[in-house]
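Engineer: Dropping the structure in here first, questions after.
2 protein chains.
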Amino acid sequence: MAVGKPGMRRASERPIPDDELTAADLREIWSILSLDEKVQGFRVLPREEAEALLFSLTNSDLTKLVLALKPSDRRYWIRLLPPDDIADLIQSSPAEEREGLLGLLDERARHEVNALLAYSEDEAGGLMNPRYARVRPDMTIDEAVSYLRKLARQSLGTFSYAYVLDEQQKLLGVISLRELFVSGGDRTVRDAMQTGLVTLQEDVPQEQVSRIFAETDLVAIPVVDAEGRMKGVVTVDDIVDVVQEEATEDIQKFGGMEALDAPYLATGFFEMVKKRGGVLAVLFLGEMLTATAMSHYEDEIARAVILALFVPLIISSGGNSGSQASTLVIRAMALGEVELRDVFRVLRREIGAGFAMGGGLALIGFTRVVVWQQIWPIYGKHYLLVATSVALSLVGVVMFGTVTGGLLPFVLKRVGLDPASSSAPFVATIVDVAGLVIYFTVASAVLHGTML
Amino acid sequence: MAVGKPGMRRASERPIPDDELTAADLREIWSILSLDEKVQGFRVLPREEAEALLFSLTNSDLTKLVLALKPSDRRYWIRLLPPDDIADLIQSSPAEEREGLLGLLDERARHEVNALLAYSEDEAGGLMNPRYARVRPDMTIDEAVSYLRKLARQSLGTFSYAYVLDEQQKLLGVISLRELFVSGGDRTVRDAMQTGLVTLQEDVPQEQVSRIFAETDLVAIPVVDAEGRMKGVVTVDDIVDVVQEEATEDIQKFGGMEALDAPYLATGFFEMVKKRGGVLAVLFLGEMLTATAMSHYEDEIARAVILALFVPLIISSGGNSGSQASTLVIRAMALGEVELRDVFRVLRREIGAGFAMGGGLALIGFTRVVVWQQIWPIYGKHYLLVATSVALSLVGVVMFGTVTGGLLPFVLKRVGLDPASSSAPFVATIVDVAGLVIYFTVASAVLHGTML
Chain A
30 MAVGKPGMRR ASERPIPDDE LTAADLREIW SILSLDEKVQ GFRVLPREEA EALLFSLTNS
90 DLTKLVLALK PSDRRYWIRL LPPDDIADLI QSSPAEEREG LLGLLDERAR HEVNALLAYS
150 EDEAGGLMNP RYARVRPDMT IDEAVSYLRK LARQSLGTFS YAYVLDEQQK LLGVISLREL
210 FVSGGDRTVR DAMQTGLVTL QEDVPQEQVS RIFAETDLVA IPVVDAEGRM KGVVTVDDIV
270 DVVQEEATED IQKFGGMEAL DAPYLATGFF EMVKKRGGVL AVLFLGEMLT ATAMSHYEDE
330 IARAVILALF VPLIISSGGN SGSQASTLVI RAMALGEVEL RDVFRVLRRE IGAGFAMGGG
390 LALIGFTRVV VWQQIWPIYG KHYLLVATSV ALSLVGVVMF GTVTGGLLPF VLKRVGLDPA
450 SSSAPFVATI VDVAGLVIYF TVASAVLHGT ML
Chain B
30 MAVGKPGMRR ASERPIPDDE LTAADLREIW SILSLDEKVQ GFRVLPREEA EALLFSLTNS
90 DLTKLVLALK PSDRRYWIRL LPPDDIADLI QSSPAEEREG LLGLLDERAR HEVNALLAYS
150 EDEAGGLMNP RYARVRPDMT IDEAVSYLRK LARQSLGTFS YAYVLDEQQK LLGVISLREL
210 FVSGGDRTVR DAMQTGLVTL QEDVPQEQVS RIFAETDLVA IPVVDAEGRM KGVVTVDDIV
270 DVVQEEATED IQKFGGMEAL DAPYLATGFF EMVKKRGGVL AVLFLGEMLT ATAMSHYEDE
330 IARAVILALF VPLIISSGGN SGSQASTLVI RAMALGEVEL RDVFRVLRRE IGAGFAMGGG
390 LALIGFTRVV VWQQIWPIYG KHYLLVATSV ALSLVGVVMF GTVTGGLLPF VLKRVGLDPA
450 SSSAPFVATI VDVAGLVIYF TVASAVLHGT ML
């Protein structure tokens with residue numbers, strides 16, 4: 030939602046009877062209603078409540094609801110939305126509906142929405158509201174105030190800043206409503222405005238936009254084109270949704286699947302299975318290499334079956350340490366805390382962490398084998414050598430995990446792939462296969478001449 | 030940062046020479062500077078730049094910087110911060126510094142900060158700014174305007190709304206600066222204000238606060254106590270940081286570690302190893318059960334070594350499907366999309382998804398064994414039975430993974446644990462151990478009388 034809305038749910042002062050359906054009631058059960066029930070519920074809401082509900086829906090819910098309304102209702106409700114929300118709605122509607130939706134708008138809104146549709150939904154241009162208050166630098170403050178008063182009376186939205194543009198629409202500065210409110214008088218806008226603004230180019234991706242908002246704590250950032258002409262404003266309230274969405278996508282990618290684009294329970298069963306099953310199959314194909322690797326050690330296993338017992342323990346330790354490292358590095362990259370040039374600092378840290386943590390696990394593992402042997406003597410007379418093999422392998426496998434998990438995101442980013450969506454499968458496969466090789470190599474060396 | 034800052038980086042109109050250090054320059058290299066270098070850099074910045082830098086730092090960076098300044102500088106800079114930021118700073122300072130920092134404030138700020146320190150940092154009361162504009166309901170609009178003009182001239186912050194309170198400090202409604210700006214005249218504030226506000230109780234946790242902002246698209250929400258008395262305002266620009274932080278914490282927990290409370294490269298090595306190593310050791314202890322489980326099947330492995338080859342493949346498939354399901358459900362819980370009462374809907378979906386995806390992997394696995402056998406005949410004459418064991422186990426293990434991954438977050442939430450931090454270890458251990466049991470049970474049944 031691009032237009033800052035004040036802290037109220039209802040614009041009316043009409044008292045609401047206790048038994049009347051409110052937007053909050055309907056939202057509460059929204060996710061479990063069928064589309065028909067949603068439309069019905071929406072239609073019985075009092076007008077202000079319906080409006081509140083409309084503004085609180087996510088883009089995908091909003092689109093479904095608007096498309097399910099009668100044409101006459103559709104026109105009424107769509108015209109209440111700000112242009113950037115209409116553009117989002119049209120972008121997520123089926124191609125054959127788009128012309129019709131555009132046709133419901135008045136001339137000005139249609140023009141604005143068409144301009145926004147030229148941007149991708151996930152860049153600054155697609156997030157911005159093209160409606161904002163503009164003033165000329167040579168107006169006096171009094172002139173600006175009386176002009177903005179007129180504008181505010183006509184316009185639906187609220188605004189807190191007026192942007193100062195020259196004749197070529199180039200952005201010169203900004204003046205806050207508060208400053209106008211306080212100052213007054215016949216100084217010119219140019220004298221009172223603030224300069225040196227943070228601006229966004231139209232095609233800055235939304236991850237970066239949200240990072241800039243988080244870093245600068247600004248509430249509104251103007252969007253300009255390559256020539257410095259102002260195109261619109263992105264406000265911080267839009268960014269909260271962006272940050273939530275981006276985080277959800279990243280989390281789902283870390284969980285080893287494609288991002289769902291919609292809430293879990295609202296995603297169709299087959300769509301969900303496709304997005305999860307695809308990645309699961311890729312991981313499975315990668316993991317098949319473990320069967321190939323294991324078959325190289327068939328002889329060793331036949332001679333010392335005991336070695337097989339520790340396979341799951343050892344490869345899961347490598348996998349866990351690898352997923353810790355890749356999660357940390359990918360998230361830090363997404364937040365801009367780690368850049369490509371930091372690769373050697375990360376490498377140093379991960380070697381150190383792998384060594385320390387691998388050493389810790391080795392100690393636990395060694396102790397486990399020795400203690401067990403005292404109670405249930407199943408590891409045979411060479412149990413100390415078995416314990417040593419397990420311990421040494423753990424150091425190697427955990428270090429391999431942290432280093433691979435830490436470096437792979439750099440490699441993927443360097444070649445232009447998205448680290449978040451590709452690291453998990455690669456790390457899992459590489460670390461599991463390498464873990465087996467490390468384990469059996471170490472065991473062969475340690476047990477040579479005794480058990481092998 | 031609680032005070033909405035307008036879209037400018039520099040408040041001054043002084044032209045900046047090209048070679049002068051700016052806040053942006055310093056921020057760029059901030060993470061790689063030592064604390065001494067940070068202080069030095071901060072001190073050579075022009076005053077407005079230093080101010081911009083200060084406002085852009087995260088709470089932990091801000092605290093370190095302020096504590097490293099000379100006492101006289103400290104007093105100057107801390108007094109520029111809004112009370113909620115000062116409270117955060119004090120909360121993250123060592124206990125012995127806190128009195129001293131409070132002593133640097135003027136009487137009014139000290140009073141406000143003390144009130145805020147009574148709240149936990151991660152609830153609405155700890156996020157709010159106690160300074161806001163308040164008006165009485167029976168003022169005329171003209172009176173309110175002239176009162177607010179005076180207030181705006183004195184105060185450092187900006188504000189977009191004035192809150193209407195009665196004599197008991199109870200919140201009656203809100204009026205926007207824009208409305209005052211447009212209306213004027215001698216209507217009373219009561220007639221012009223908007224009612225039916227969304228409010229927050231002081232102790233609402235910050236996850237829920239950010240959810241309410243995301244759902245309602247409000248820019249500011251007043252905080253009230255149990256009696257409806259207004260305590261402060263939470264603004265949306267603070268929430269962007271909260272959402273980022275919460276997402277990072279959740280992602281790190283999903284990655285199988287404790288949340289680092291600071292950026293990756295800024296976290297001390299030993300602190301990081303502690304937070305990762307602790308969880309890694311817990312996972313390792315859990316995974317030790319796999320060695321115990323495997324030892325029960327030592328005889329089967331000795332007789333049919335070939336069974337061991339598929340162990341990593343099968344348990345990793347269970348682990349991957351389990352981590353997909355738990356990631357989806359936990360994130361959906363965090364966003365409020367899934368509640369405890371949805372448990373049966375989730376169960377149905379996950380049984381279906383597990384069956385479909387397990388079936389897909391079974392098909393791939395079966396084909397793999399059969400095709401390999403034609404090229405490298407290493408699986409012996411009973412290869413079709415081996416392929417059948419692998420395929421049937423995959424269906425069972427993947428279904429077990431999705432169901433466990435989908436349900437465990439409900440169980441953990443029900444008993445009051447945080448699903449995000451506890452699911453990964455539990456799911457991994459349960460699914461790996463159960464996967465081994467399923468695999469060897471299926472294989473024993475299928476291969477009975479032939480290979481076993």
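Sequence order for the protein chains is A and B. When we follow the working numbering, the leftmost residue of the first sequence carries the number 30, and every step to the right adds one. When we follow the working numbering, the leftmost residue of the second sequence carries the number 30, and every step to the right adds one. Just so it is clear, CB atoms sit at the ideal spot from N, CA and C, and this is done for glycine as well. Please read these numbers as outputs of a predicted model, since none were measured by experiment.
1) Answer yes if the segment 444-453 of chain A comes into contact with the segment 279-295 of chain A, meaning at least three C-beta pairs across the two stretches below 8 Å, and no otherwise.
2) Nearest chain B C-beta to Asp266 (chain A) closer than 8 Å, yes or no?
3) Does the segment 309-325 of chain B touch the segment 315-330 of chain A, meaning 3 or more C-beta pairs lie closer than 8 Å?
4) What's the gap between the Cα of Gln273 (chain A) and the Cα of Val263 (chain A)?
5) Within its chain, find whatever has a CB closer than 8 Å to the CB of Ile330 (chain A); leave out the 5 residues flanking it on each side and keep chain order.
6) Let's test the definition: count the other Cβ atoms within 10 Å of the Cβ of Val308 (chain A) and tell me whether it reaches 16, buried, or not, exposed.
7) Mind listing the chain B neighbours of Tyr85 (chain A)? Cutoff is C-beta to C-beta under 8 Å, in chain order.
8) Around the Cβ of Tyr190 (chain B), are there at least 16 other Cβ atoms within 10 angstroms (buried) or fewer (exposed)?
9) For Ala472 (chain B), which residues of its own chain have a beta-carbon under 6 Å away from its beta-carbon, when the five flanking residues on both sides are left out?
10) Do you know how far the Cα of Ser85 (chain B) is from the Cα of Asp151 (chain A)?
11) Mind listing, in chain order, the continuous alpha helix (DSSP H) runs of no fewer than 4 residues lying wholly within the segment 189-227 of chain A?
12) Please report the distance separating the alpha-carbon of Val462 (chain A) from that of Ile344 (chain A).
13) Please state the DSSP three-state secondary structure of Lys304 (chain A).
14) Once the 5 residues before and after Val399 (chain A) are set aside, which same chain residues still bring their CB inside 6 Å of it?
15) Going by alpha carbons, who is nearest to Ile393 (chain A) out of B:Ser452, B:Ala391 and B:Phe313?
16) What are the boundary residues of the alpha helix (DSSP H) that Arg240 (chain B) is part of?
17) Taking CB distances under 8 Å as the criterion, tell me whether Tyr293 (chain B) reaches chain A.
18) Glu152 (chain B) by DSSP, collapsed to three states: which one?
19) In terms of alpha-carbon separation, which member of B:Leu194, B:Ile170 and B:Val233 lies closest to Asp220 (chain B)?
20) Under 8 Å between C-beta atoms, does Pro112 (chain B) make it to chain A?
21) Mapping DSSP to helix, strand and coil, what is Lys12 (chain A)?
22) Taking the beta strand (DSSP E) that Val253 (chain A) belongs to, which residues open and close that run?
23) Helix or strand or just coil, what does DSSP make of Thr169 (chain A)?
24) Going along chain B, which residues have a C-beta under 7 Å from Ser175 (chain A)?
25) With 16 as the cutoff for other CB atoms within 10 Å, does Gly33 (chain B) come out buried or exposed?
26) Buried or exposed: Trp59 (chain A), going by 16 or more other Cβ atoms within 10 Å of its Cβ?
27) What are the uninterrupted segments assigned as alpha helix (DSSP H) that are 4 or more residues long and contained completely in the segment 79-135 of chain B, given in chain order?
28) Using beta-carbon positions only, say whether Gly202 (chain A) and Gln235 (chain A) come within less than 8 Å of one another.
29) What does Ile344 (chain A) touch in chain B if you count any residue whose Cβ is under 7 Å from its own?
30) Excluding the five sequence neighbours on either side, which residues of its own chain have a C-beta within less than 8 Å of the C-beta of Leu177 (chain A), listed in chain order?
31) In the DSSP assignment, what residue or residues form a beta bridge with Val263 (chain B)?
32) Tell me the DSSP secondary structure of Val164 (chain B) in three-state form.
33) Between Val248 (chain B) and Asp266 (chain A), is the Cβ-Cβ spacing less than 8 Å?
34) Quick one: is Asp461 (chain B) near chain A, going by C-beta distance under 8 Å?
35) Thinking C-alpha only, which one of A:Gln230, A:Asp246 and A:Thr277 is nearest Glu256 (chain A)?
36) List, in chain order, every chain A residue whose beta-carbon is nearer than 7 Å to that of Gln349 (chain B).
Structural biologist: The structure says:
1) yes
2) yes
3) no
4) 16 Å
5) Met323, Leu336 and Ala337
6) buried
7) The displayed chain sequence assigns Ser, not Tyr, to residue 85 (chain A). Under the 8 Å cutoff, chain B gives Glu244, Thr245 and Asp246.
8) buried
9) Leu336 and Ser418
10) 25 Å
11) 206-212 and 218-221
12) 8 Å
13) helix
14) Ala416
15) B:Phe313
16) Gln235 to Thr245
17) yes
18) strand
19) B:Ile170
20) no
21) The requested residue 12 (chain A) does not occur in the structure, where chain A is confined to residues 30 to 481.
22) Ala249 to Val253
23) strand
24) Ordered by position in chain B, no residue passes the 7 Å Cβ test against Ser175 (chain A), which lies about 11 Å from the chain.
25) Bear in mind that a pLDDT of 36 at Gly33 (chain B), under 50, signals an unreliable position, so the model cannot answer this.
26) buried
27) 88-97, 100-107, 112-120 and 124-132
28) no
29) Pro341
30) Ala162, Val164, Ala191, Leu206 and Leu209
31) B:Ile250
32) strand
33) yes
34) yes
35) A:Gln230
36) Reading the sequence as shown, one finds Asn at residue 349 (chain B) and not Gln. Those are Gly285, Leu309 and Leu312, listed as they occur along chain A.
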